[in-house]
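Below: the structure, in structure tokens.
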Amino acid sequence: MGLDRRAFLGLVAGGAVGTMFTPIPWKLLDDVSIWTQNWSWIPRVPKGQVDFVATTSKLCPAGEGLKIMRVAGNPISAAGNPDHPLSRGGVSALARSEVYMLYSPARVKSPLKKSGKGFEPITWEQALIEMADKLGAAKGAVACVSGDGTGTVNEVLSAFVGKLGSAGCFMMPSEATTAAKGVKLMGGAGQAGYDFENADTVLVLGADIFETWGTSTRNRKAFGASRPVGEKPKSTYVYVGPTKNNTASVCDQWIPASAADLGVVALGIAWHLLKAGATSNAPGFDTFKAVVNGGFGPEDVKRATGIAPEVLAGLAKTLAAAKAPLVVTGSPFGQGLGAAPFIAGMALNILLGRINKPGGVYALPELATVVPGALTRAAMLDGDLPAFLKGVAEGKTPAPKALLVYDANPAYGLPEAATMAKALEKIPYKVSFASFMDETAALCDLILPNSLTLERYDDLATPYGSGFCLYSLAVPYQKPVHDTRTAGDVLLTLARKMSVELKFDNFLQVLKEKVATLAKASGGFVAKDVMPWQVAAGKPAPALAGGDLWKALSAGYAWTMVGQVQSNLGFAPEVLAKAVKAGKAPEKTAVLAPYAQLRTGTPTTGIPCQDLTTVPDTELLKETTLVRLNSATAKALGLKKGATVTLSGAGATCEAQVHLFESVMTGVVSAPLGFGHTAFDIYSKGKGANYLSLMAVVEEPGTGLSTWAAAEVKIA
Amino acid sequence: MSGHSKEFPITWGMVIDIDKCTGCGACMASCQTENNIEPQPEASNKLRSTSWMLVYELTNDKAFPNHDIAFLPRPCQQCGNPPCVSVCPVIATDKNEDGGIVSQVYPRCIGCRYCVAACPYHVRYFGWYDPIWPEGMEKTLSPLTSVRPRGVVEKCSFCHHRWNLAKDAARAQGKNPDSLDDGAYVTACVQNCPSGALSFGDLKNPKHKVHELIKSPNAFRLLERLGTNTQVYYISRREWVRKLGDNYLKSE
Ligand code: SF4
Ligand code: SF4
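Residue numbers (my numbering), protein chains in the order written: chain R, 135 to 850; chain P, 562 to 813.
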């Protein structure tokens with residue numbers, strides 16, 4: 135008979151009172167501790183020499199530079215690299231997961247081929263033969279989707295697909311896709327880059343700048359530096375959005391406004407600035423002024439958004455009085471915002487004279503492509519994936535014959551899930567270069583597992599949001615844990631097999647060439663003692679020791695460049711006139727306002743297993759996710775705290791539990807994203823619901839862009 | 562509770578700026594892996610899961626739009642006068658080392674959980690399950706912290722192993738290990754917080770930033786009235802946050 139630990143303790147407790155004063159129980163207790171802890175299965179911690187190496191996170195969209203601790207040459211944990219401008223020692227919960235996720239149960243361990251309802255492992259050789267065959271037959275109608283916003287692998291992918299005959303190359307929708315569209319419509323060029331480090335007053339319209347928007351770890355470092363602990367803050371941050379989210383919780387002011395009204399708020403502030411005499415030489419100023427004066431006066435804005443006139447006037451005054459104000463516009467959950475609110479927010483930056491100024495917005499040049507026939511980043515960002523897939527689902531767009539998916543999970547990470555699933559079903563041959571068994575991989579014909587950050591060479595070029603051009607390397611520090619390969623290598627091998635000329639034999643060559651081009655570019659330098667924002671503020675840029683660039687990058691330093699392209703950014707008033715309307719606030723039943731957090735991973739990572747513990751029980755309780763609404767909304771809808779409800783929209787339904795939370799504006803239901811996976815592992819699968827599936831895609835008037843920043847849902 | 566606390570010439574302490582914490586959980590995630598806490602598939606059951614560092618959400622209890630929220634990261638408060646120590650029947654937890662870190666000796670712990678009940682800050686966790694890592698993931702265990710079996714109590718140690726490393730590094734550089742430079746020893750959570758909400762140092766050392774920070778008029782400690790004399794301080798410009806730090810009567 136085994137006496138388990140708790141039963142034994144029960145016995146001891148029974149006799150405890152009477153024996154308290156003799157030494158025997160103490161001796162016995164000591165023995166108990168020895169017996170009960172003699173577990174043979176406790177993993178032994180590894181032994182060996184500890185050292186540190188550097189790389190760049192590819193799992194986390196914030197693009198942190200990482201310091202990896204190794205023991206006897208084995209990576210153990212990831213921390214922020216203090217020398218890297220995008221981390222400065224900080225790390226998100228997601229980037230922290232880079233090491234242990236190597237061993238995630240959700241990893242795809244070898245190439246897999248669909249067989250019946252499941253998959254069977256095949257060799258790389260077999261996989262390549264099959265793929266060459268199928269892609270050869272699909273020539274002229276091959277499409278691709280990438281979820282990697284920063285990697286040169288996109289060049290290999292787009293060049294390959296282009297040479298096979300492209301049916302479309304798409305990026306997963308993000309802040310970057312919206313911004314690219316906005317800049318284009320404004321007649322500008324380059325990638326919008328935000329100099330938080332030199333800004334003293336930041337107006338945040340919707341963007342969750344400390345979680346999902348852009349270089350969030352860097353943004354937070356800049357915020358932190360302007361708020362020395364125990365001292366008076368040296369900066370002002372104001373957040374406008376439907377909920378007091380993580381970002382808003384540390385801002386000086388929160389102004390509640392629906393994501394649908396961000397453009398109205400921006401133009402309402404413009405009204406005050408114009409009234410105070412703001413003017414500009416940028417194209418379209420006169421028409422812009424007429425548009426703003428014609429429909430965005432304080433009363434118009436109040437009627438549409440509920441924001442009191444004096445609040446907006448105060449905000450305009452704060453911005454106008456600031457030395458270095460900055461306006462940042464984005465979606466509260468990192469995707470789905472229209473181009474018009476972006477343009478309206480950028481118009482404020484123009485009015486305030488903040489374009490290409492320290493602490494303002496830079497028009498950052500794109501780094502030169504090196505793979506012949508590759509699409510530029512701007513060209514890739516130009517595609518509208520939800521619109522394309524919607525077209526395919528509805529039979530308006532011919533379905534591609536083959537789809538290559540790189541680091542993307544469209545089956546989970548897009549709105550209107552039912553429609554997107556229908557479209558994916560119509561594509562006869564699908565291949566995913568997934569590292570983890572995500573929802574899209576699960577419905578593909580072939581999965582070619584991509585090695586993870588610590589197992590592959592890769593790169594990161596100027597993530598969206600960065601205030602400067604940046605290039606940083608990911609360097610492998612261990613053999614792949616499973617039978618995985620670097621997708622860039624696989625694509626190049628395949629191209630050779632299919633006699634598609636891409637100039638390079640392997641991905642490392644591509645990266646070396648990329649670095650060689652950077653070494654020749656003028657103005658670039660390795661950020662070590664001088665950081666790019668210091669250069670933006672006037673410090674001379676150090677010279678670049680060209681020959682050593684690869685070495686410096688491999689050691690974890692970043693190449694950076696401060697500067698801008700010629701950008702004749704205009705106000706795009708025609709677009710604003712069509713797309714931004716200060717109508718009367720509709721009597722909506724409930725508007726869904728999702729929020730996303732890095733701790734629940736991305737659509738391609740699922741919830742990193744160690745991060746599940748960081749999710750509070752006000753977000754996930756047992757297997758149910760909670761949605762937040764304030765007591766006024768709950769009362770209007772007849773909902774009680776803790777009630778289980780069904781949310782429906784866009785042909786889908788989701789379960790939720792009601793969490794009463796007053797930092798949500800009235801009429802809004804705030805819902806966490808990153809849950810409701812049907813794939814991955816026990817840490818992600820079946821945990822809560824995916825509320826993104828409830829959001830209907832609507833075309834933005836005046837721009838034609840797919841948007842889903844605020845969608846009505848039914849709650850029952 | 563008597564107000565008597567042991568005094569140590571070196572007193573490690575943390576200062577947490579609540580006005581900078583966004584509640585992102587990076588500190589929690591850092592702590593988990595730094596200290597070999599296993600991934601927990603049932604982590605949404607907060608009564609059974611383990612998180613030495615836990616971020617609480619505070620609210621001012623007002624209705625929209627006057628509602629306000631704040632996040633309060635909670636490591637072990639390393640009390641000067643720890644209620645957990647006096648109740649431990651086997652002296653598995655103690656406060657007797659310079660630095661003032663409340664120790665937890667796992668091989669000695671018998672899992673009676675008196676200390677769990679005694680700790681007013683809920684920093685102590687009982688291991689309900691065998692610690693199991695997904696296959697292969699044990700390769701990422703840190704050699705600097707032991708792995709605990711099921712059935713013992715564990716808690717934040719201020720990453721004590723990092724102090725030892727810092728002392729070793731100081732010795733190697735010919736410096737005095739008993740007078741470390743500010744920043745030579747920081748915990749994992751402090752190191753990784755992207756907002757810079759957490760500061761760490763020797764509260765008694767005037768050369769350390771925290772020495773000054775704790776004198777801020779906005780600084781407070783949790784449940785100070787209990788006389789626990791903790792080594793973790795919080796700072797907030799918001800009065801309602803400071804008030805939540807202790808139990809006040811309505812009339813106060
Ligand atoms: S890492 Fe920093 S900002 Fe994030 S929850 Fe912890 S203390 Fe707060
Ligand atoms: S000090 Fe170390 S052990 Fe304590 S909460 Fe922070 S990381 Fe965890």
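In this text, a Cβ means the ideal position worked out from N, Cα and C, and glycines have one as well.
If we ignore side chains and look at the alpha-carbon of each, how far apart do residue i and residue j end up?
{"i": "glutamate 232(R)", "j": "glutamine 601(P)", "result": "18 Å"}
{"i": "threonine 574(R)", "j": "valine 565(R)", "result": "9 Å"}
{"i": "proline 614(R)", "j": "leucine 193(R)", "result": "16 Å"}
{"i": "alanine 555(R)", "j": "alanine 545(R)", "result": "6 Å"}
{"i": "isoleucine 343(R)", "j": "arginine 354(R)", "result": "8 Å"}
{"i": "isoleucine 123(R)", "j": "valine 793(P)", "result": "Absent from the model: residue 123(R). The displayed extent of chain R is 135 to 850, so no value can be given."}
{"i": "leucine 678(R)", "j": "arginine 762(R)", "result": "51 Å"}
{"i": "valine 779(R)", "j": "tyrosine 817(R)", "result": "24 Å"}
{"i": "alanine 400(R)", "j": "glutamine 734(P)", "result": "56 Å"}
{"i": "glycine 688(P)", "j": "lysine 201(R)", "result": "30 Å"}
{"i": "lysine 631(R)", "j": "lysine 273(R)", "result": "15 Å"}
{"i": "alanine 670(R)", "j": "aspartate 743(P)", "result": "30 Å"}
{"i": "asparagine 543(R)", "j": "isoleucine 561(R)", "result": "15 Å"}
Where does residue i land, buried or exposed, given buried means 16+ other C-beta within 10 angstroms?
{"i": "phenylalanine 567(R)", "result": "buried"}
{"i": "glycine 182(R)", "result": "exposed"}
{"i": "tyrosine 617(P)", "result": "exposed"}
{"i": "arginine 685(P)", "result": "buried"}
{"i": "aspartate 682(R)", "result": "exposed"}
{"i": "phenylalanine 155(R)", "result": "In this predicted model, phenylalanine 155(R) has a pLDDT of only 49, less than 50, meaning its place in the structure is not dependable enough to derive any value."}
{"i": "arginine 230(R)", "result": "buried"}
{"i": "histidine 769(P)", "result": "buried"}
{"i": "serine 815(P)", "result": "Nothing can be reported for residue 815(P), as the shown portion of chain P is limited to 562 through 813."}
{"i": "histidine 793(R)", "result": "buried"}
{"i": "arginine 709(P)", "result": "buried"}
{"i": "valine 184(R)", "result": "exposed"}
{"i": "threonine 752(R)", "result": "exposed"}
Check whether chain R comes within 8 Å of residue i, counting only Cβ atoms and requiring the distance to be less than that.
{"i": "glutamate 699(P)", "result": "yes"}
{"i": "cysteine 754(P)", "result": "yes"}
{"i": "histidine 721(P)", "result": "no"}
{"i": "threonine 583(P)", "result": "yes"}
{"i": "alanine 679(P)", "result": "no"}
{"i": "leucine 774(P)", "result": "yes"}
{"i": "threonine 594(P)", "result": "yes"}
{"i": "leucine 702(P)", "result": "yes"}
{"i": "serine 563(P)", "result": "The pLDDT assigned to serine 563(P) is 46, lower than 50, so where the model puts this residue is not dependable; a value taken from the coordinates is nonetheless given after this. No, its Cβ sits nowhere closer than 8 Å to a Cβ of chain R."}
{"i": "proline 644(P)", "result": "no"}
{"i": "leucine 741(P)", "result": "no"}
Check whether the Cβ of residue i lies closer than 8 Å to any Cβ atom in chain P.
{"i": "cysteine 788(R)", "result": "no"}
{"i": "serine 688(R)", "result": "no"}
{"i": "serine 383(R)", "result": "yes"}
{"i": "tyrosine 563(R)", "result": "no"}
{"i": "proline 432(R)", "result": "no"}
{"i": "alanine 844(R)", "result": "no"}
{"i": "lysine 378(R)", "result": "yes"}
{"i": "threonine 748(R)", "result": "yes"}
{"i": "isoleucine 849(R)", "result": "no"}
{"i": "valine 233(R)", "result": "yes"}
{"i": "threonine 837(R)", "result": "no"}
{"i": "glutamate 796(R)", "result": "yes"}
{"i": "alanine 227(R)", "result": "yes"}
Ligand 3 and residue i: does any heavy atom of the ligand fall closer than 7 Å to the residue's C-beta?
{"i": "methionine 698(P)", "result": "Of the ligands one can find in the structure shown, namely ligand 1 and ligand 2, none is ligand 3."}
Would you call the segment 678–694 of chain R and the segment 710–718 of chain R in contact, with 3 or more CB pairs under 8 Å?
Verdict: no, contact absent.
Meets three-Cβ-pair contact criterion under 8 Å: the segment 299–319 of chain R and the segment 424–434 of chain R
no
Taking contact to mean at least 3 C-beta pairs separated by less than 8 Å, is the segment 827–843 of chain R in contact with the segment 757–768 of chain P?
no
Check whether the segment 734–741 of chain P and the segment 202–211 of chain R touch, using three or more Cβ-Cβ pairs below 8 Å as the test.
no
Is it a yes or a no for the segment 695–711 of chain R touching the segment 739–746 of chain R, going by three-plus beta-carbon pairs under 8 Å?
no
Okay, do the segment 246–257 of chain R and the segment 596–615 of chain R touch, 3+ Cβ pairs below 8 Å being the bar?
no
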